[in-house]
Every structure is written in structure tokens, then in C-alpha cells.
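The structure appears below as C-alpha cells.
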Amino acid sequence: MSANKDFNVRWGMAIDLDKCTGCGACMVACQAENNLAPVADASNKLRVMNWLVVFELSNKKPFPDHELVYLPRPCQQCGEQPCATVCPVIATERNEDGGIVSQIYPRCIGCRYCMAACPYHARYFNWFDPIWPKGMEKALTPDVSVRPRGVVEKCSFCHHRYMAAKDKIRVGGGSVYVPGEKGRKHSAIPEDGYVTSCAEACPNGAIVFGDLNNPAHKVYRLTRGNAHAFRLLERLGTDTAVYYLSSREWVRRLGDNYLQDEETQKPKRILPNKH
Amino acid sequence: MNVNYNLPLDAELFPEGCERCSFSQFLLWLAVVGLVLLWGLYAAFLVLSTGLGVTALDDYFGFGLWITFDLAVIALGAGAFFTGLLRYILNIDPLKNIINLAVIIGFICYSGAMLILVLDIGQPLRAWFGYWHANVHSMLTEVIFCITCYCIVLIIEYVPLILEQKQLNKNPLLHHIAHNLHVTMPLFAGIGAFLSTFHQGSLGGMYGVLFGRPYAFRDGFFIWPWTFFLFVLSAVASGPAFTVLIATLMEKMTGKKLVSYEIKSLMGKIAGTMLLVYLVFKFLDTGAWIWSIAPRSGLDFDSFFHGWIYGKWLLFSELILCGLLPCFMLLSSSMRSNPALFYLAALLDCTGIVINRYVLTVQTLAAPVMPFDRWVTYSPNWVEWAASAFVLAYGALLLSLSYRYLPVFPQEIRLNGGQAKKL
Amino acid sequence: MVLDRRGFVKCIAGASAGIMATPLPWKLLDDVSIWTQSWPWIPANVRGENFVVRVVSKTCPSSAAVKVRLVGNRPVRVLPDDDHPLGGGVSALAAAEVHMLHSPARVKRPLLRGPDGAFMDISWSKAAEIFAGKLKEAGGKSAFICGDETGSIAEVISALAKGLGSEDVCLMPSEGQCAAKAAELMRIPGQIGYDLEHSDYVFAIGANIFESWGTVVRNRRIFRAATPHPDGKTRLKARFAYAGPVQNNSAVLARPWLPVYPGMQTALALGVANILIAGGRTADALDFGAFKELALRYTPKKVAQITGVDPKGLESVVNALLAAEAPLVIVGSEFGQGAGAAPVMAGFAVNALLGNINRPGGISLLPWDEAVLGGASSRSRLYANDLAARVGDWAAGGNAPSLLVVHEANPLYALPGAIPAKQAFKNIPFKVAFSSFLDETAEACNLVLPVPMGLERLDDVRTPYGSGQSIYCVSAPVAQPSEDVRPAADFLFSAAKELDLKMGAASYEDLLKSRAEGVVKTDFAALLAGTGAVSHEKIKVPEGYSLCPAVLEKNLMQASAETSFRLAPFVKLNLGTANTGIPPYNTKTLRASELEGKDMFVMMNAATTAKAGLAEGDAVTLEAGGRRLPARLRVFEGVMSDTVAVCLGYGHTALDAFSQNKGANVMELLSAVPEPATGLTVWSQAGVAVAKA
């Protein structure tokens, strides 16, 4: 669990900050797909359940040199998870099949230790039972169970869609893995066969989803050796599966903490890179 | 039957040869305690019936007053295991005069912490998952194991004291049980010391392993971050001082001498010594934090502090005002012989440890890690205070009953000039 | 009995082991863990067969083509329809549409205002009876407001009005209306379209093309395809520049963003024209000479003075336009309305100078769709009626109709505060609202008739403004209505029958079918399946078209109000529309810097804030034309100097808890003036005073 294993398939994202307008469609699509309850007053952001939050980044320069960038933050699906290692009841762990960090709601005791551990604030607690306006529960999807109060939840990379895509292959009699280069296995799911709800919703195509280990996938090309890619808090060693792309240096620098004289770093793969 | 109407109604239940206040006065005191208990119960009812949303906790502050409170009382309750260790294993005999109180305080602290935890976890009905689905990699798992086990040990240590109650002890079976438990006490003291060391350590480890939170993260030895050892040391440095303070508070409230000053002074000396050991390591640790962990994370010293509420004064208070100062005072025999200075030193010692638990819990979470994130502040609401007050009242209740009916203080009769039939 | 140590331990251990050996503790624990997973008050997953239905959103102003996922008969998700010319992703508003079907703000059954002023439930038959009676009574003194400019419902309403002898049919003000007026004045007999698909450099002036201007979802899909992801190596194919007062959703992606004062589109476009003409560009318009004379007066220096734009920045954008193969300039309102026809005309002129009219990646002149129903006004004809002016008349008293029918529009919320809509409503004795939601206007009506939402009814979309080609889409109902509703069209057809009015079609479906098969010449069934019918037919650039220099000049002369600060309203789709309010699923998308509890934030840059003597977080009052707006101040460096940026969509007093009383409605502050020589009412330039509350 705590060991950062190099899995065959590692689902990940490349989020292009040059394309995000901050419109919020991904957040709505996420809530709808994953059955998050709406709230009338959502202005206390420390209490609002959002698996995906769009942060606003500023270059802090005065008008007219001001630049603005929106940064969508799903769960970073760390290779080295601050959260899963601390959970006392194994209610969250990184799945070998795809590297997604799960959250098992019926298992969670609600101690919130994982929330304290996560520097990305990607984890949310059900402070109350979820309530839908009368009748709106009819619009709940059947794919994700509704969480009661007292448990922690977070983005799952729409894991149910992954399951469904694999089921589709299995029903067709196929194998869910296909051999790749150098003894590695890739998922048999076509690149567009499993996409998260947020990535799917974005009209600008700002969120690219795929297997970070599959050279045929777009994310592979976007994240390896890309001088404009970065990850959040790279130097903490969390080895996240969410990469960000920006052509602006100040944006990339905001991805991590730097001392004044330090240079902005490029993402390094913590795993022994087999490619 | 010959009834002395000058004695309180429940005088038959008092420890042999001890005087207590009138029953009505006692009831009045219990009523005050009861009010606080009711307030806390109402808060608990709100939490359990509607959810933790009624507290001031939020998604940034998953931990708040309650966890701080738990860590603080568990540290201060360390007097029980440490005194037990010294008394039963290392055979420092004079400590027998305060060990009973230390055990009761320990029991109150641990059982109180568990009561709070029942409220603090979102799914109390699943609390036992910690055993059933244990994640052996989690410091919290170890905490769950050790705290529950140690609480059982404390019950076992507390039971003989209850059975020694004058009337109960007349029953041969209970008398035997008490006796047998007494004989096995060194074994339980040993187990207690072992369990306590580990969960005190694991509580510290809980923060030290948070590698996503540079404020709390620490390197360490093998699987244990330095906070593991610092928590053990700080607990034993404050537990004895806290026991002394409670004993003194009880003396002030009852108007009786309960523990001789020499014993208190001895406890103070022990606390001071442990505090010195603790501080040596704590300063080394703080240095490593500032000059190694922070720059490694791309942060500087200043980035760990914010405004007044999370200002550097907290660090100064923790390490100097409530660290070095009480350490010096406790180790100086002249200062220790001045009750006012001695008690002040004990109080500062305990405060320093509470600050330590507070900043590691709250400031860790308040400090942003993502550069575009912001500092957030937390202040507990009445529900959290009420639940914490409930535990304090529960402690007061247990101590009051124990003091009134159980032979907690072996020196009481002698110190108050009573005609001791037997010591 | 003597209990020794051994016996004691045995006893305890035996008892513990004994209990543990029974199933009791284990069964209990197991049960407890099951309870905690299945509390009866937590909704359980309801499974069913999955379907996907292609529709075009009638709720989102971008006319986004989407797929609706149904489980059994329940719509549960709005998904993108990447294969549709109006699709490719979903907007924040469209994404929330299935949940809005169950919004607490929905009107659940017909409501009639009783003598005591309160609404009472009535039956549909009663409602039909009252409605027919009122129509008969009012006859030609009926007026109609339609909030749907793309749907055929406008034609139904117009046919009914004609039958009654009324010409009072107005659409809600929109960018499409401004463009239609511009085309009319320029003597272009068609709809102005924008071939974004094939453009390699887009300069948007005012038009917030990624959030509120035109076919937003389509615009964004095109941007996606044209822009490679950054890697430090690949050169961008299409580029995008934006000029506007606020660093809005479009500005964040623009390279560069040119900050300008609000409402300065015409002057800025003339500045562009100036540089182009100075560089030798011409257009073949009839009155190009006069236009040139006008444009040459708008030198970059002068334009900089008027609009506050950085002349160097403007010049670099114009150079980029000149260097591009298929440049396109889009001029529109910064908040989707009220800018008038002049900016569109000026924009047309710039495009003409760039030589891109009816060229790939340029402006496309699309044929207007004609009315199918005999007697009904065509869309272009309906655009010509200016609602704002009419409402002013009604308020003045004399010409107030005796019956007003409002269809899916919320004029009481959406019209500028200077337009006395409330007074007009008072002067009209009987008002009827067809609405899905109990909005401000419905609340002020005598009869409220609940209509199905887009997903629950058969409806159509005719070439939305902004599209580069003619397109006709039919949207089939995907869900059973969740309330006791009737489609407005059906209701109007039966009312017409009741009054013996000839409508030219038997039903709405009949009308759509006639349009599909008779006008668009496409299989109706295919349209129902969700494929839009696209036509690349263009009308020729008319020989004698005009650039209307005289109209432009009059508009440029119009002095803006003398106040210390300028007001820059802007739109965000996640706040919904005037009709929907904030969708329940969208409250979470509002930032802490936009709304805090009931307080909304308005934005000024630091220098402007200092000038106003204010500070971050201050409670402020904006005042214009005697109307006041409470807000709090956010210092945001992405706002033009001397400008206050305010987001639309707040301050609903009706609807539900998700929208109600959150912030204030900036429309209240806007003054309305007639646009010289066009007959439109405009409200794009407003001065405002800002003071500490």
C-alpha cells in the first residue's frame, strides 16, 4: 500500500491550463456523475463537497499586467499517497489495476486523518446527511452510491466508468489487458473508452485523460519530456498522476513551493522509468 | 444501631478514618458538575443525531479542539503509566503515595479521550473497524489498539482501588479479587508502560508521518518519525506535573493535605528531568525542521506562521516560556521548595505540552501547502467546548466520588493529624 | 469459597471466551456494519436500462447540442455530443439541466391569482377557459413577449397575435436582435454568421465568445481543435485575442487581452478599421468613401483616448489579423445584450476590410428562415420589434395592452432598471406567463401556466446567432414531465382553435415537420434522432450594401454619462439565465470571491479602489440613475481602470433558495437610451458612482 509500485496501467491526467476558462462545467459534471448533493448556500468553501475544485491563480501583477489562470484540482491520485498510508481501516488504497486511489465508503469510520494528510485538500467529509430537493433524487445516477454523513469522500477518476469499460470488454469475450512494449501490459480499453466525467464535459478539451504508461495515449506524450508540464507539490514526493500544462513560467512555478533562488523544476518520475 | 447524626449521611462509606464534607454540600457540588455534564450531553446528542456539521470543524480542519483535547489529556494522563513504571518496575517506593491518584487521572484522561473520539469520528458504530480492518501501516491503528488496550489496563488498575472501598472490601470475594489484582499490579504496570509508550509515540508519529504537511512532517528512525519519541518524552515530562497539579487542586478544594510536599517535589523533579531530556531533543528537532525539512519543501521558517493567531509567539511560548523556563524551575531545588513557584512551573510545563499538541493539530492544518492556497483559521464552537467540558466534568465527578469514598491518598490521615489506626 | 489467583483468571478468561464463542457478538457487529451502510433516509441506487438521447438544449443560451443519459425513464446526465455542429462538451448550465427538471422553483400546476392577491391552483381546463376568454376580450389589444428567439414557438405566438389583430410580439433583447438590426440597416437580407471553424485568428471585441456570445459550446469546441497543448515546441495554429473591460472567461485564454472601457466596441472596431484602411485596405460597400473618412478620424491615438486601449497592443493585434490567413473579428456585447446594432456594423466593416465576407473563416451571410405559418412574422421581422421601447410606452400609460402573454421570459428581472417594466405591468390588467419556473415575472402575472422544460418537450432550434452555417435542429422530449405541465405551443394551438383562428398548422409537431420537410428539406425522423440539418448555403454579398457611416458616427458622438466610474456587467453561464436562476447544481461553482452568503462581490483593480477611497472587502453601494445596488468589493487586477465589474445573474427575488436573495441584480443599475438611427434601445454604457455603504 505504502510502497509506490509501478503498475502496468496508470490512469492519469494532463490538464491544460492554457485552455481552461474556469467556467465550472467540469465541477457540475462531476457532481452530477458522482451524486453529490446540491446546497443552497455554498459560500463556505471549507464545508462544500466538491471532488473537483477550480482554483484561481494570479500572477499577482497589478493591472494591466495581470494574468489569470484557472486550475482544476481533482484528487491527484498519488503514487505515494499521503492519505492511504495513514487510514487506520484501509478505507482508501491505491488499486494495482490502474493506480487509482479508492475510497471505500462503507469502510470509512470518518476519522478524517486522511484529510489532514492530504496537502491538496482533495478529500471531503460528509458533515451532514446529503439532502436533495424533493424529487431531485430521481436524477441520481445508478453508478455511484450516495454517501451518508460521517464518511470521507473524494474524486475516484470516475472509477465506475473504468469498471464499466472493462465489463464491456469482458462481455465481448476479450481480455482487459493487451501486451505492450518491454513486457508491460496495457489496458485493452480504447483511449476514448474510459474518460472521466470532467474531462468529457470540458468543451475546451482542457482535461486529457488516459494511461500515463501507454505510449499510444495522448497523456503519455503530453507528460513525458514536456518542458511545459508540471505537477502539484512535486518535491513532496507524492508522485501524482495529474499533470498540468502551462506555457507560462509563473504558473508552473506556482505548482510547487520554491525558495527565492531556486529554479522552477520539471516533473520527475519518482518511479524507475522503464521506458 | 448506633447512628451518629453529626456525621454526614454517607459516612459509613468513607475511607477508614477520613473526614468528608456534609452530604448536602457534596450533592450541591455534584449538581454543579451535573449541569456541565448535561450541557455536554446535549452537544453529544446534537452531534450523534445530526452529524458533525454542528461543530466548527471543516474540510480544512478535520481535526480541531477535540483532537487537541484528546492529545493533551493523553499526554497529561501519562502520569499514570510513568508513575506506575517508576513505582512498580523501578521500585521508587515513595510514589505509592500518589500512584492511586495518578491511576485515576490516567483512567479519566483515557476514557474521556475515548468518549470524545466517539463523537469525533463520523461513524462511531464502525469504531471497531480499527481492529477488524486494521491497516498496520497507520500510526492511528496503533493508537486505536494501544489506547483501547491501555484503557482496559487502567480499568484493571482502578478496580482494586474501588474494591478497597470500606464496605465493599468487607465482602471476602471482592477482597480477594482486590488482593490478587494488587499482587499482579507490577505486571499490569509493565504492560501499561509498554502500551503507553507506544501509543504516546504513535500519536506523535501520526503527525510526523504527514509528508504532505511540511509543518508537521519529520524524518525519523526506522519507521518512527522523531515526533514519535518526542511525544513519549513530552508526555512523561508533563504527566507527573499534571498529577501534582490535580492533587494540589483537590487539596485546595477540600482544604486537606492529601499528598506530602516531598512526594510532590519528587514528582516535580522527575518531570523536570524528563522535560530537560525532552527539550534537548525538541530543540534538535526544531532545528532540523527549520534547516532541513522546510528548505527541502521549498519553504522557509516564516512560511509556517501567519498573523497573530498562528504567530511565532506560539513557538516561543512552547519552547522557551513553557519549556526551558519550567524546566529550570523544576530542576532547581530552591525554586521547587517554594510552592507558588513550583506549582507555576508545573503549570507552565503542562501548558507547553498542550501548546505543542495544539500547534501540531491545528497549525499543521492551517498552513497552506499549495502555493496558491491560503491560510485558514479555526475556532471551535460551543458544541466542541461543551463536549470537552463534559469530559472535564466527568473527570471531576470521578475524582470527587473516588476521593469521598475510596482510599486514594495513603498519607491523608497522617498529614491531617488524624488518629491513624493503620497506615 | 476462596478464590485464588488462578481461579480468578480462569473465571474471567472462561467467561470472555464463552461469550466470544457464541455468534452473538459477531452477528451484532455484522448487523451494525450493515446498518451503517443502508440508512433508510439515504437514497439508494435505482438501476435500469441505459439510453442516450441526442437533443439540443433549450435552456442554455448557447444552444448546446448534448446527449441525455437515461436510466429507465429517468434522465440522469447531460453528456456532450461531439458529433453535432453545436456540440462538443457541455456548458456549466447545460450540465445541470436534468437536475433542474426537479428544481424547487418549478411551477407545478396552473396558478391563478385570486381576488386576495394570492395564487391558487386551478385545473388545465379552467386555465384554458380563462386564457381563451382573455384573448377574446383583448383581441388586438394583446401583447406578447417571447423569450425564445431560435424556437418555432415565436412563430406560433406571432400567428396567434396576427389572428387576434395584434402586432405586439417582441422577443427578449439579444445579440441576435442587434445583429439582425445591423444587417437590416446595412441592407444585407440575411443572418450574420461567423465561420469560426475555419478561422486561424480571432479577435473578439466585447464578445465573450467562450461564455456568453453566440454558440458558446461550439465556439469552445472549435478553440479546442485549433489549439495544441503547450509543450514549448508546437506553434499555435489558431490564435485568439480579446478586448473587453474584464478579464473574463474569454480574456483568460486570450493572447493578448486588451483592456478597454466598457461599451467601447464601436470606437475600438473603428480603430482597427483605421489601421487597416491606412494600410491600404478597402471594402466594396456603397458608402465606403464616407466610412473611410469617418474611420480615418479614429486614429489609434484617438481610439486609445476614448477606449483606454493600449495603442501598441491594438496595433500588434491588427498586424496579427493581417498576417493571418483567415482572420475574423467578432464584435458583440460584453454581457450578451444591449449593445445595439452599431458595434455589429463596425465589426462587419472591419471584416469587410479584412476581405473575409463569405470566405472560409470569415463572416458568413446566411439566409433568414422564413415563417411556415401563414400570417406569422418571420424571425427577422420579429427581431425588428424593440421590447424596451414598447415597455416604456406601456408604462407611460396610453398604449398599454389589456392582455400580456409572456412566454419563457423574465423581463421584470432581465430588463435594465431604467426601463419601467414594473410600472408597465401595473398598467396591464391581465398578464399570463408560460414558464417552467416561478420567476419574478411569473410572480407578477395573473395566470401562470407551467410549461415543460426543453428536455420534456418537442421543440426546435433555428440557426442560433453566431453559427457559421444555417442549421436546423429538432429536440425530442426525453423525459416525462415531472410536473403537471403542458407545452405552450399545444396550449396556444388549442386556444386558437377555441377562438376559431386559422394557424396554418394543426399542431406544433405539424409545424416543425413542415419546416423540416418543406423548408429545410430534411427527414423529420432524422432530425428527431438528434442530427442537426446543416446547410452551407450563403446569400451573396449584396452589391449595394452599406457600412452605415452616418449611423456609426451618431453613435460615436453619443456622450457617455458623466460619472466617476464605468459599469462593466459580465455574464457567467454557471449562474443560469434570467429564466432559470442559479441551477441547484451550480451554487458550488460560485467562488468565495464572488458570493459570500448573501453578499455578492463587485470588482475593481487596486488603483481604482484606491482612487475610490475603498479597500478590499468593503461593503459598497453602486449608484446609477437614482437606483442603488449593495455589494462588497473585491480587488481584482483584471478589471479596466475606473471600471467596476459586476456579474449578472444575482439578486433574484423569486425562484428558489438556490437563487433567491443572493447578491443584487446589476440590471437594476442600467440606464437605457435609444440608439441613434437604429430604433433599438441600448444599455451598454453606464456610469456608476461607488461609495462605501
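Chains as they are written, first to last, in my numbering: chain A, 1 to 275; chain B, 276 to 698; chain C, 699 to 1391.
Don't be surprised by glycine CBs; every beta carbon is placed ideally from N, CA and C.
Note that the structure is predicted; figures quoted are calculated from it, not measured.
As assigned by DSSP and simplified to three states, the class of residue 990 of chain C: What you label residue 990 of chain C is simply residue 292 of the third sequence in a count that begins at 1. DSSP places residue 990 of chain C in helix when its eight states are reduced to three.
Rounded to whole angstroms, what is the Cα-Cα separation between residue 937 of chain C and residue 837 of chain C? Walking along the third sequence from the start, residue 937 of chain C turns up at place 239. Walking along the third sequence from the start, residue 837 of chain C turns up at place 139. Whole-angstrom Cα-Cα distance: 54 Å.
If you draw a straight line from the C-alpha of residue 207 of chain A to the C-alpha of residue 69 of chain A, how long is it? The count along the first sequence starts at 1 and reaches residue 207 of chain A at position 207. The count along the first sequence starts at 1 and reaches residue 69 of chain A at position 69. Taking the straight line from one Cα to the other gives about 14 Å.
Can you list, in chain order, the residues of the region 719-746 of chain C whose Cβ is nearer than 8 Å to any Cβ on chain A? 731, 734, 735, 737, 739, 740, 741, 742, 743, 744, 745 and 746
Residue 295 of chain B: which of B:642, B:618, B:506 and B:528 sits nearest, CA to CA? Along the second sequence, one-based indexing puts residue 295 of chain B at 20. Here the closest residue by C-alpha is B:528.
When the Cα of residue 1283 of chain C is compared with those of C:786, C:1354 and C:864, which residue comes out closest? Taking the first residue of the third sequence as position 1, residue 1283 of chain C is located at position 585. Nearest C-alpha to residue 1283 of chain C: C:1354.
Provide the residue span of the beta strand (DSSP E) that contains residue 1171 of chain C, from first to last. Position 473 of the third sequence, counted from the start, is the residue given in the question as residue 1171 of chain C. Where residue 1171 of chain C is concerned, the enclosing beta strand (DSSP E) stretches over 1168-1173.
Within chain C, partners of residue 446 of chain B - CB distance below 9 Å: Within the second sequence, numbered from 1, the residue matching residue 446 of chain B stands at position 171. Those do not exist, as residue 446 of chain B stays about 11 Å from chain C at its closest Cβ, beyond 9 Å.
Between the CA atoms of residue 39 of chain A and residue 568 of chain B - distance to the nearest angstrom: On the second sequence, residue 568 of chain B is found 293 positions in, with the first residue counted as 1. On the first sequence, residue 39 of chain A is found 39 positions in, with the first residue counted as 1. Cα to Cα, the separation comes out at about 40 Å.
Would you kindly report the start and end of the unbroken beta strand (DSSP E) that includes residue 245 of chain A? Counting from one through the first sequence, the residue named residue 245 of chain A turns up at place 245. Per DSSP, residue 245 of chain A belongs to the beta strand (DSSP E) from 242-245.
Of the residues C:899, C:930, C:948 and C:883, the one placed nearest residue 912 of chain C, counting alpha carbons only: What you label residue 912 of chain C is simply residue 214 of the third sequence in a count that begins at 1. Of the listed residues, the one whose Cα sits closest to residue 912 of chain C is C:948.
Run the CB neighbour count on residue 669 of chain C, radius 10 Å, all protein chains shown included, and call it buried at 16 or more, exposed below. The question about residue 669 of chain C has no answer here: the residues shown for chain C are numbered 699 through 1391.
Could you tell me the boundaries of the alpha helix (DSSP H) in which residue 159 of chain A lies? For this step, residue 159 of chain A is matched to residue 159 along the first sequence. 159-171 is the span of the alpha helix (DSSP H), which, as asked, contains residue 159 of chain A.
To the nearest angstrom, how far is it from the Cα of residue 872 of chain C to the Cα of residue 102 of chain A? Here residue 872 of chain C corresponds to residue number 174 of the third sequence, with the count starting at 1. Here residue 102 of chain A corresponds to residue number 102 of the first sequence, with the count starting at 1. One C-alpha to the other measures close to 47 Å.
Residues in its own chain within less than 6 Å of residue 1083 of chain C by CB, not counting five upstream and five downstream? Translated into the one-based positions of the third sequence, residue 1083 of chain C becomes position 385. Here the set comprises 868.
Could you check how far apart the C-beta atoms of residue 776 of chain C and residue 796 of chain C are, in whole angstroms? I think they sit under 8 Å. For this step, residue 776 of chain C is matched to residue 78 along the third sequence. For this step, residue 796 of chain C is matched to residue 98 along the third sequence. Right, the Cβ-Cβ distance comes to about 6 Å (below 8 Å), so this counts as a contact.
Measure the C-alpha to C-alpha separation of residue 104 of chain A and residue 95 of chain A and round it to an integer number of angstroms. Within the first sequence, the letter at position 104 stands for residue 104 of chain A. Within the first sequence, the letter at position 95 stands for residue 95 of chain A. Their backbone Cα atoms lie some 12 Å apart in a straight line.
Would you say residue 47 of chain A lies against chain B (beta-carbon separation less than 9 Å)? Residue mapping note: residue 47 of chain A aligns to position 47 of the first sequence, counting from 1. Yes, residue 47 of chain A lies at the interface with chain B (some Cβ there is under 9 Å from its Cβ).
CB-CB under 6 Å to residue 1332 of chain C, same chain, minus the five flanking residues each way: which ones, in chain order? For the purposes of this step, residue 1332 of chain C is taken as residue 634 along the third sequence, with counting starting at 1. Hits under 6 Å: 1291, 1299 and 1301.
Of all Cβ atoms in chain C, is any one closer than 9 Å to the Cβ of residue 21 of chain A? Counting from 1 along the first sequence, the entry for residue 21 of chain A is found at position 21. Interface residue, yes.
Can you tell me which of the three DSSP states residue 884 of chain C falls into? Numbered from 1 along the third sequence, position 186 holds the residue referred to as residue 884 of chain C. Looking at residue 884 of chain C - three-state DSSP - the assignment turns out to be coil, as it is neither helix nor strand.
Could you tell me the distance, in whole angstroms, from the CA atom of residue 788 of chain C to the CA atom of residue 1131 of chain C? Along the third sequence, one-based indexing puts residue 788 of chain C at 90. Along the third sequence, one-based indexing puts residue 1131 of chain C at 433. Going by the C-alpha atoms only, they are around 29 Å apart.
DSSP three-state label for residue 1350 of chain C, please. For the purposes of this step, residue 1350 of chain C is taken as the residue at position 652 of the third sequence. Strand.
Give the range of the alpha helix (DSSP H) segment to which residue 29 of chain A is assigned. On the first sequence, residue 29 of chain A is found 29 positions in, with the first residue counted as 1. Counting along the chain, the alpha helix (DSSP H) containing residue 29 of chain A begins and ends at 25-33.
With a cut-off of 9 Å, does the C-beta of residue 141 of chain A fall near any C-beta of chain B? Residue mapping note: residue 141 of chain A aligns to position 141 of the first sequence, counting from 1. Cβ-Cβ to chain B under 9 Å: no for residue 141 of chain A.
Continuous alpha helix (DSSP H) stretch holding residue 843 of chain C: start and end: Walking along the third sequence from the start, residue 843 of chain C turns up at place 145. Counting along the chain, residue 843 of chain C falls outside any alpha helix (DSSP H), though it belongs to the beta strand (DSSP E) covering 840-844.
Apply the 10 Å Cβ neighbour rule to residue 717 of chain C and answer buried if 16 or more other Cβ atoms are within range, or exposed otherwise. Against the third sequence, residue 717 of chain C aligns to sequence position 19. By the 10 Å Cβ count, residue 717 of chain C comes out exposed.
Pairwise C-alpha distance: residue 1346 of chain C and residue 849 of chain C: Your numbering for residue 849 of chain C matches position 151 in the third sequence. Your numbering for residue 1346 of chain C matches position 648 in the third sequence. Roughly 24 Å separates the two Cα atoms.
Any residues in the region 895-923 of chain C with a beta carbon nearer than 9 Å to a beta carbon of chain A? Which ones, in chain order? 908, 909, 914, 915, 916, 917, 918, 919, 921, 922 and 923
For residue 61 of chain A, does the count of other Cβ atoms within 10 angstroms reach 16, so buried, or fall short, so exposed? Translated into the one-based positions of the first sequence, residue 61 of chain A becomes position 61. The residue in question, residue 61 of chain A, is exposed, as its Cβ has fewer than 16 Cβ neighbours within 10 Å.
Distance, Cα to Cα, residue 697 of chain B vs residue 525 of chain B? Position 422 of the second sequence, counting from 1, holds the residue named residue 697 of chain B. Position 250 of the second sequence, counting from 1, holds the residue named residue 525 of chain B. Residue confidence is low: residue 697 of chain B scores 36 on pLDDT, short of 50, so the model does not pin down where it sits. Its coordinate-derived value is still stated next. For residue 697 of chain B and residue 525 of chain B, the distance between alpha carbons rounds to 23 Å.
Classify residue 812 of chain C as helix, strand or coil using the three-state DSSP reduction. Against the third sequence, residue 812 of chain C aligns to sequence position 114. Looking at residue 812 of chain C - three-state DSSP - the assignment turns out to be coil, as it is neither helix nor strand.
Got a sec, what are the start and stop residues for the beta strand (DSSP E) residue 55 of chain A sits in? Mapped onto the first sequence, residue 55 of chain A falls at position 55. Residue 55 of chain A -> beta strand (DSSP E) spans 53-58.
Cβ contact (3+ pairs, closer than 8 Å) linking the region 105-124 of chain A and the region 387-406 of chain B: yes
Measure from the alpha carbon of residue 404 of chain B to the alpha carbon of each residue in B:414, B:618, B:419 and B:395, then state which is nearest. The count along the second sequence starts at 1 and reaches residue 404 of chain B at position 129. When only C-alpha atoms are compared, the closest one is B:419.
Bridge-paired residues (DSSP) for residue 1302 of chain C: For the purposes of this step, residue 1302 of chain C is identified with residue 604 of the third sequence, where counting begins at 1. Paired residues: C:1333.
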